[in-house]
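Enquirer:
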Ligand code: G1P
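Residue numbers (the working numbering): 2 to 292.
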């Protein structure tokens, strides 16, 4: 079965970005000139996803409006003959009905957020994208690569990367063995272990493709690290029944849930734009020379 649906847990309050996120969804923070969420949505559509499921919470209206038409802006751009911009804002609105919204009523953890989408996803494999994790690649986007691997393995797969040993308590950490180029077979996993407890420094980052069997484990709603219902724990349960693979993607990952990571993402993505690159580079060189 093809992966056609993608779940985006976007209910988080973004407290790390207060005051910017006091009245605005954190997923709407721009990286260069696009909100963080738009990068992830574009990645999903590029990978062949046909339906996006946003698991939202209170205060996420801007996110819904972003993917909706705005007749005032369209009329104004049209009357001024700004056809390029008009095309841009029209194109970012997905076909009617391709975005579905549901709410997580209480912040009970990532596993719980995903479980909130169970009836919309149903009995088919699905992707999960954590928009905060932005990944810059030279080739195909990470989710496209993962869909290809899923089609081959017919088993759940998560994007993985090596992290500094003292950072393991921020991630789902794997015990895994090599399978083929860029793919590992996961033997065990643990959410946010201390460096001493961590079985390795191989961490899950925010791209997953999961088989529907995961619902059985998410449905148990057992609390794990931080007192939250963790996706990693449900995947650990799934591992007893089905294989799960890790895809060691090629690319740079930015943690946009972190202030420094967010600034780095802005810089890295801006440097990809020919209209900004030279200006930024000479600015950076100037700073480096005076440090
Ligand atoms: C979540 C997952 C964790 C994963 C991480 C990647 O943690 O629970 O397993 O490694 O995303 O960014 P969070 O960052 O929401 O605490």
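For each residue, glycine too, the CB sits at the ideal point set by N, CA and C.
What do you reckon, are the CB atoms on residue 191 and residue 197 nearer than 8 Å?
Expert: Contact: no.
Enquirer: Taking the straight line between their C-alpha atoms, what separation do you get for residue 121 and residue 254?
Expert: 29 Å
Enquirer: Quick check: residue 266 and residue 32, are their CB atoms within less than 8 Å of each other?
Expert: yes
Enquirer: Inspect the beta-carbon positions of residue 246 and residue 127 and report whether they are closer than 8 Å.
Expert: No, Cβ-Cβ distance for residue 246 and residue 127 is not below 8 Å.
Enquirer: Thinking residue 305 and residue 9 are a contact (beta carbons under 8 Å), I'd like their distance in whole angstroms, please.
Expert: Limits of the chain in this structure are 2 at one end and 292 at the other, which puts residue 305 out of reach.
Enquirer: Where DSSP assigns a beta bridge to residue 159, which residues make up the other side?
Expert: 209 and 247
Enquirer: Comparing the CB of residue 172 with every heavy atom of the ligand G1P, is any distance shorter than 7 Å?
Expert: yes
Enquirer: Give me, in chain order, the residues of the same chain whose beta-carbon lies closer than 6 Å to that of residue 170; leave out the 5 immediate sequence neighbours on both sides.
Expert: Result list for residue 170: 193 and 195, in chain order.
Enquirer: Please determine, among 38, 12 and 34, the residue with the shortest C-alpha to C-alpha distance to residue 257.
Expert: 38
Enquirer: Let me make sure I understand the geometry here. Which of 227, 125 and 240 has the alpha-carbon closest to that of residue 218?
Expert: 240
Enquirer: Using three-state DSSP, classify residue 9 as helix, strand or coil.
Expert: strand
Enquirer: For residue 174, count neighbouring Cβ atoms within 10 angstroms of its own Cβ and tell me buried if that reaches 16, exposed if not.
Expert: So residue 174 counts as buried.
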